[in-house]
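Chains H and X, in that order, are what the protein sequence lines are.
At position 306 of the first sequence the residue is numbered 306 (the working numbering), and the sequence of numbers has no breaks.
At position 164 of the second sequence the residue is numbered 1164 (the working numbering), and the sequence of numbers has no breaks.
C-beta: ideal position from N, C-alpha, C; glycine also.
Please read the structure below before turning to the comments.
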Amino acid sequence: MAGIAFGFIVSGMTGTALYFSPAIAAAFQDFGHTIHHQPVVARRPAVGATATPVSAAPAATSTPVTGSSFTVLLLGSDNDAKFATNQVLTQSMILARVDPVSRHVTMISIPRDLDVPLSTGGTDKIDKAYLYGGVDAAISTVEQDFGVHVDHYAWIGLLGLVHLIDQVGGVDVVASNPVLDDFYPQDLSGSHPYLYERVAVLPGPQHMDGMEALQYVRSRHDDLRSDFGRSFRQQQVLLALRAKAKLLGLADLPDIANAMSGQFSTDMSLGEVGQLLPIAGNVSLTNVQQVVLLPPYTAGQTINNQDVLVPNWDLILPLVHKYFPAT
Amino acid sequence: MRRRLAFVTALLVAWAAFGFGVNRLLESRKSNLTEARSTVAPPQEAPVFSLPGTIWVSQGGHLYRLHGGQFTDVRLPTAPGTWIQPAVAGGGRLLAVARAAEYSDVYLIDASGTPHQLTRNATTTSHVEFNAWSYWPHLAADGTTVIFAYDGPKIGTFEVHLAVWSGPLNGKLESTQWTSPSQYTGGDVAPVPLPDGGVIYASYSINSNEQIVSQIANVARPGATPALLTAASDDCNAPAVSPDGSELAVICTSDTQTARLEVIPLVKGVPGPPRVLVPSCLCASPAFSPDGASLLYLAPSDASGHFQLWWIDRVTAATPAAPRALTARLDLDATSPPAWAPA
């Protein structure tokens, strides 16, 4: 009898394993990456001065996602045909502080054109940190410049975002204005990554599929606020995804893992992400603090023929440390 | 021996069935958000109740006609693009927009259902930026002028903004520019002609917090200074005007991700105190009934987020109103206000 029962247990486990096989594969491929925190160096080195470490990197232990508050760096990249694999710019960087107990979330969008000392050396736009040194460099650059410790990260590519949104059945967004762009990159829909296409996202409440949502969060040419406008819209879509998270369950993980395969990576385990879903879904909109580093926190300048945003650290750091513990 | 073989075979089948059953059980526990509520084409939907007159809506790039409690496909040719934003043009005719990948054109659809192209926004050059968008066409009270939003002519910069334009139904539609929109905001959209010849529209601008917000504006004639009817902090858009011009319905979001449906009385163009019909919703694109007494709008009815048709009887009754969902399984285009003609 015991043998027969054991057979049923084995067959049940086999059925379960087959069901979760995409998620299991993703768990090895996309989840559980290790963050290699680099030594924190002095922020804003004087011209000609050598940046010096001011403290050792915090131990590479991460705060569990269900315990006390933790900090996660959300990265979005145009991992398109313009770049080699894993050598991409981060078009979106959002530093988020999550308090699972009080269910408060604070999101600070870091402008991609912010001119900062990079952890890989030199000063450049912060979106190049990932290009030069991958996710570790992006995290270390944020840690050294903003004086925070990043517990976790999640990186998603353009197609990953499109597939994720389609997988959850689209997102419900109030498009805050007509988003019109005559020079929207045709890298996902065309044959040549440097060609352009026209997009028009009409204003008002609407249900967006993945490609429409991507156009909404990615377009920036016809927005006086340029990257700032895009940051506002990215946070809107992130919150819309949060609303869908509350409808997801464990059984949805294989489809989501399949949809985002190769377009997503995180240091969190699949189990931790699964634990985060209900937390994200239960965060009330009123408990979400959204911050975009508009002027006077930043100022536009042209440096080395590049349009950059120069940070006003005297204003930025107190703001950041109001929500994120300083290292 | 044979019995033993049969037992083992049965056991193997039972184990396999159990494993398969567990697998299918897990499959059944999925939220199925993608297929949520299995949306259907309007002709497959039986409206919960019947409304007088004829109503046109857009779903999946097709226009559908609701009459006598039944939806039918208007069956327009698909070559020009996806069909959106129908508007009543009298005599059984419609104005509508056919949207292609990089441009959109206004069409007049005659009583026999044949579309006639009124704008030609596709560029003949290889430069995609010289295409143009036309949206939200409406026939003015004079019955011969079309009011619409248009983003041309191009000035060769990154800037693309919609402005309110008008032109004769039987001539060049892009004849007269009515408004000068704020730069790099998306511009002036959703124009609605008034019985007195003026136009109400949603005007986007950037506020002191660097947020792009919308205000409802009333412009008496082309080039005139517009009168703002709502505050920037209310962030209102999608205006609809009752046929006699005495009521204005708007969607206001106060720069948040939730909306409210308001009705504002208009006395000689001057707004009265707003009345909130639906206080918290993802509502969009209101449209008055031909007699101005009731209101249609679009909003999801469940977490799937697919927009349905909702109806509010007696717009002037006590607030909040008691909206009734007319449909449950559609996936209507939320940026296409319904068009409602008398029977």
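### Task
Answer yes or no: does any C-beta atom of chain H fall closer than 8 angstroms to that of Cys1236(X)?
Locating residue 1236(X) in the second sequence gives position 236, counting from the first residue. No, because no Cβ of chain H sits closer than 8 angstroms to the Cβ of Cys1236(X).
### Message
Any contact between the region 1098–1114 of chain X and the region 1064–1072 of chain X? By contact I mean 3 or more CB pairs, one from each, below 8 angstroms.
### Response
No, because fewer than three Cβ pairs between the region 1098–1114 of chain X and the region 1064–1072 of chain X fall closer than 8 angstroms, the two stretches do not touch.
#### Entry: Partner residues on chain X for Gln236(H), Cβ-Cβ distance less than 7 angstroms
On the first sequence, position 236 is the one that residue 236(H) refers to. Near Gln236(H) (Cβ distances below 7 angstroms), the residues of chain X are Gln1257.
### Task
Name, going along the chain, the residues of the region 173–199 of chain H whose beta-carbon falls closer than 8 angstroms to a beta-carbon of chain X.
Within the region 173–199 of chain H, the residues whose Cβ lies closer than 8 angstroms to some Cβ of chain X are Val173, Val174, Ser176, Asn177, Pro178, Val179, Leu180, Asp181, Asp182, Phe183, Tyr196, Glu197 and Arg198, listed in chain order.
### Query
Of all the CB atoms in chain H, is at least one closer than 8 angstroms to the CB of Glu1159(X)?
Numbered from its first residue, the second sequence carries residue 1159(X) at position 159. Chain H, which has a Cβ nearer than 8 angstroms to the Cβ of Glu1159(X), makes this yes.
### Query
Closest to Leu248(H) by CA distance: which of Tyr19(H), Gly160(H) and Gly169(H) is it?
Position 248 of the first sequence, counted from the first residue, corresponds to residue 248(H). Nearest option by C-alpha distance: Gly169(H).
### Query
Gln1183(X) and Leu224(H) look like a contact to me (Cβ under 8 angstroms); what is the Cβ gap, rounded to whole Å?
Sequence index remark: in the second sequence, residue 1183(X) carries index 183 (1-based). Sequence index remark: in the first sequence, residue 224(H) carries index 224 (1-based). Cβ-Cβ separation between Gln1183(X) and Leu224(H): approximately 7 angstroms, consistent with a contact (criterion under 8 angstroms).
### Message
So if I threshold CB-CB distances at 7 angstroms, which residues from the region 1174–1194 of chain X count as touching chain H?
### Response
So the list reads Gln1183, Tyr1184, Thr1185, Gly1186, Gly1187 and Val1189, given in the order they occur along the chain.
### Query
Should the region 260–268 of chain H be regarded as contacting the region 141–158 of chain H, the criterion being three or more beta carbon pairs within less than 8 angstroms?
With a cut-off of 8 angstroms, the region 141–158 of chain H and the region 260–268 of chain H count as touching, because enough Cβ pairs lie within range.
### Task
Can you say whether Gln306(H) is buried or exposed, counting buried as having 16 or more other CB atoms within 10 angstroms of its CB?
Numbered from its first residue, the first sequence carries residue 306(H) at position 306. It counts as exposed.
### Query
Quick one: what's Pro1300(X) bridged to in DSSP?
Along the second sequence, one-based indexing puts residue 1300(X) at 300. As DSSP reads the structure, Pro1300(X) sits in a beta bridge with Phe1307(X).
### Query
Glu1102(X) versus chain H: which residues are under 8 angstroms apart at the beta carbon?
Residue mapping note: residue 1102(X) aligns to position 102 of the second sequence, counting from 1. Ordered by position in chain H, the residues that pass the 8 angstroms Cβ test against Glu1102(X) are Glu197 and Arg198.
### Query
To which residues does DSSP link Ala1227(X) through a beta bridge?
For the purposes of this step, residue 1227(X) is taken as residue 227 along the second sequence, with counting starting at 1. The beta-bridge partner set that DSSP reports for Ala1227(X) consists of Asn1218(X).
### Message
Does Thr1009(X) pass the burial test, meaning 16 or more other C-beta atoms within 10 Å, or should it be called exposed?
### Response
As a first step, residue 1009(X) is located in the second sequence; it is residue number 9 there, counting from the start. Around the Cβ of Thr1009(X), a 10 Å sphere holds fewer than 16 other Cβ atoms; the residue is exposed.
### Task
Report yes or no: is there a C-beta of chain H within less than 8 angstroms of the C-beta of Thr970(X)?
The structure shown has nothing for residue 970(X), since chain X only spans 1001 to 1343.
### Query
Nearest CA to the CA of Leu1094(X): which residue from Pro1077(X), Trp1311(X), Leu1139(X) and Thr1124(X)?
What you label residue 1094(X) is simply residue 94 of the second sequence in a count that begins at 1. The option with the nearest alpha carbon to Leu1094(X) is Leu1139(X).
### Query
Quick one: is Asp1196(X) buried, meaning 16 or more other Cβ sit within 10 Å of its Cβ, or exposed?
The sequence position of residue 1196(X) within the second sequence is 196, counting from 1. Classification for Asp1196(X): exposed.
### Query
Using DSSP with H/G/I as helix, E/B as strand and the rest coil, what is Ser1166(X)?
Sequence index remark: in the second sequence, residue 1166(X) carries index 166 (1-based). Note: Ser1166(X) maps to strand in three-state DSSP.
### Task
Could you tell me which of Leu1026(X), Phe1018(X) and Ala1016(X) sits nearest to Tyr19(H), measuring between CA atoms?
On the first sequence, position 19 is the one that residue 19(H) refers to. When only C-alpha atoms are compared, the closest one is Leu1026(X).
### Task
Verify whether the separation of the beta carbon atoms of Leu309(H) and Gly300(H) is less than 8 angstroms.
Numbered from 1 along the first sequence, position 309 holds the residue referred to as residue 309(H). Numbered from 1 along the first sequence, position 300 holds the residue referred to as residue 300(H). Closer than 8 angstroms, so yes.
### Task
Please name the residue or residues paired with Ser1104(X) in a DSSP beta bridge.
Working through the second sequence from its first residue, we reach residue 1104(X) at position 104. According to DSSP, which records beta bridges pairwise, Ser1104(X) is partnered with Arg1099(X).
### Query
What does Ala1284(X) touch in chain H if you count any residue whose Cβ is under 7 angstroms from its own?
Taking the first residue of the second sequence as position 1, residue 1284(X) is located at position 284. Near Ala1284(X) (Cβ distances below 7 angstroms), the residues of chain H are Gly204, Pro205 and Gln206.
### Query
Roughly how many whole angstroms lie between the Cα atoms of Val1270(X) and Ala1163(X)?
Looking up residue 1270(X) in the second sequence gives position 270. Looking up residue 1163(X) in the second sequence gives position 163. Taking the straight line joining both Cα atoms gives about 23 angstroms.
### Task
In angstroms with no decimal places, state the Cα-to-Cα distance between Glu272(H) and Ala1227(X).
Along the first sequence, one-based indexing puts residue 272(H) at 272. Along the second sequence, one-based indexing puts residue 1227(X) at 227. Going by C-alpha positions, Glu272(H) is about 54 angstroms away from Ala1227(X).
### Task
Flag Asp136(H) as yes if its beta-carbon sits less than 8 angstroms from any beta-carbon of chain X, otherwise no.
Your numbering for residue 136(H) matches position 136 in the first sequence. For Asp136(H), the answer is no, since every Cβ of chain X falls outside 8 angstroms of its Cβ.
### Task
Please determine, among Gln1257(X), Pro1279(X), Ala1122(X) and Thr1256(X), the residue with the shortest C-alpha to C-alpha distance to Val1263(X).
The count along the second sequence starts at 1 and reaches residue 1263(X) at position 263. Closest by C-alpha distance to Val1263(X), out of Gln1257(X), Pro1279(X), Ala1122(X) and Thr1256(X), is Pro1279(X).
### Task
Give the residues of chain H in contact with Asn1023(X), contact being defined as C-beta atoms less than 8 angstroms apart.
By 1-based counting over the second sequence, the position of residue 1023(X) is 23. Residues of chain H with a Cβ closer than 8 angstroms to the Cβ of Asn1023(X) are, in chain order, Gly15, Thr16, Leu18 and Tyr19.
### Message
Quick check: Phe1307(X) and Leu1277(X), are their CB atoms within less than 8 angstroms of each other?
### Response
Reading the second sequence from its first residue, position 307 is the one you call residue 1307(X). Reading the second sequence from its first residue, position 277 is the one you call residue 1277(X). Cβ atoms of Phe1307(X) and Leu1277(X): not closer than 8 angstroms.
#### Entry: Reduced DSSP category for Gly133(H) - H, G, I as helix; E, B as strand; rest coil
Locating residue 133(H) in the first sequence gives position 133, counting from the first residue. Correct three-state label for Gly133(H): helix.
### Task
For Pro1347(X), return the contacting residues in chain H, with the cut-off set at a CB-CB distance below 9 angstroms.
Residue 1347(X) is absent from the structure shown; chain X starts at 1001 and stops at 1343.
### Query
Would you call Asn287(H) buried or exposed, if buried means 16 or more other Cβ atoms sit within 10 Å of its Cβ?
Against the first sequence, residue 287(H) aligns to sequence position 287. Looking at its Cβ environment, which holds fewer than 16 other Cβ atoms inside 10 Å, Asn287(H) is exposed.
### Query
In angstroms, rounded to a whole number, what distance separates the CA positions of Val291(H) and Glu1210(X)?
On the first sequence, position 291 is the one that residue 291(H) refers to. On the second sequence, position 210 is the one that residue 1210(X) refers to. Roughly 12 angstroms between the two C-alpha positions.
### Query
What is the residue span of the alpha helix (DSSP H) that Lys244(H) lies within?
What you label residue 244(H) is simply residue 244 of the first sequence in a count that begins at 1. Unbroken alpha helix (DSSP H) run through Lys244(H): Asp227 to Ala245.
### Task
Could you tell me the boundaries of the alpha helix (DSSP H) in which Glu1247(X) lies?
On the second sequence, residue 1247(X) is found 247 positions in, with the first residue counted as 1. Careful: Glu1247(X) lies outside any alpha helix (DSSP H), inside the beta strand (DSSP E) at Glu1247 to Cys1252.
### Task
Can you grab the Cα-Cα spacing for the pair Trp1136(X) / Val283(H), in whole Å?
Residue mapping note: residue 1136(X) aligns to position 136 of the second sequence, counting from 1. Residue mapping note: residue 283(H) aligns to position 283 of the first sequence, counting from 1. Going from the Cα of Trp1136(X) to the Cα of Val283(H) covers about 37 angstroms.
### Message
Against Arg1004(X), what residues of chain H qualify as contacts under a CB-to-CB distance less than 9 angstroms, listed in chain order?
### Response
Position 4 of the second sequence, counting from 1, holds the residue named residue 1004(X). Simply none; closest approach about 14 angstroms.
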